[in-house]
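Everything in the sequence shown is counted per our numbering, starting at 2 for the first residue and increasing by one. Inspection log for the structure reproduced underneath, given as structure tokens.
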Amino acid sequence: MISMLLSGFLADYLIKRRTIAKVWIRRGFVITGFTGIVICGIVLANLSGCDPVAAVILFCLLRAFTDVAKTGFNAVHVEFAPSFSGITFALANTAGNLCGIFAPQMVGVVLESDPTISGWSKVFYIGAAIQGLGCIFTAVFMRTDVQPWARGKDDEDSKISSKSNGHAEYKDALAAKGNAGIAEENALMLKTEGLA
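Rendered as structure tokens:
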């Protein structure tokens, strides 16, 4: 929980500075979190003997890295599909929870044939491999720009908002199109959120 709060504040700070593209900030947190999870999984797999203190510390670190990764991928749904963020998040969450359904069965199959520490090593290697694949998938496919399928048919202004580098250009473009009332509302909203 603490790592999620700290990484969330850091992500917001970096986004407000606008020195790094938002997509790379999001990807960076996901890649950092997944890489930490992979490292913790590999160390757990190679932990010699039964060292409960080291195992608990590694599980706590693993959980902290999971929260760092969430900083990257939880917010991205609102960014790439603002009108459909609930649906896209629900689909991603469902896919993620499927792993929670099948993981115990996989662990049972592995440990049934090898109920030793080496069996648990296989389990942690499999988990690390799955997280590694997730890291690669995220690095390749994560987007933060509004996707074409997420725009409405009448949404001319969405092209402006997805290509705009800042809120000022967006307000100016809306005002130039004769939508002064909408521009004023957006400016007021941005001002109240501290973004303008």
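For each residue, glycine too, the CB sits at the ideal point set by N, CA and C.
DSSP, reduced to helix, strand and coil, places aspartate 115 outside both helices and strands of the structure shown, so it counts as coil.
Pairing glycine 73 with threonine 139 gives a Cβ-Cβ distance under 9 Å. Each residue's CA atom was taken as its position, placing glycine 101 and phenylalanine 66 some 18 Å apart. Taken through DSSP and simplified to helix, strand or coil, isoleucine 43 comes out as helix. Note that the C-beta distance between aspartate 146 and phenylalanine 81 is below 9 Å. Taking C-beta atoms under 8 Å as the contact rule, alanine 46 and phenylalanine 103 fail to qualify, at a distance of about 20 Å. For glycine 128, the CB contacts under 7 Å within the same chain, skipping 5 residues up- and downstream, are Gly42 in chain order. With 16 or more other Cβ atoms inside 10 Å of its own Cβ, arginine 27 counts as buried. Apart from sequence neighbours up to five positions away, the residues of its chain that approach glycine 9 with a beta-carbon distance below 6 Å are Thr72, ordered along the chain.
DSSP, read as helix, strand or coil, puts threonine 20 in coil. In the three-state DSSP reduction, glycine 87 falls in the helix class (H, G or I). Secondary structure of glutamine 132 (DSSP, three-state): helix.
By the C-beta density criterion, serine 114 is exposed, having fewer than 16 other C-beta atoms within 10 angstroms.
Here phenylalanine 60 is exposed, its C-beta having fewer than 16 other C-beta atoms within 10 Å. Excluding its 5 nearest sequence neighbours in each direction, valine 24 has C-beta neighbours in its own chain below 8 Å: Met143, Arg144, Thr145, Asp146, listed in chain order.
One thing to note: glycine 153 has its Cβ no nearer than 9 Å to the Cβ of serine 86.
Counting only the Cα atoms, phenylalanine 30 lies some 16 Å from lysine 17. Non-local C-beta neighbours of aspartate 68 in its own chain, meaning closer than 6 Å and more than five positions away in sequence, comprise Ser4, Met5, ordered along the chain.
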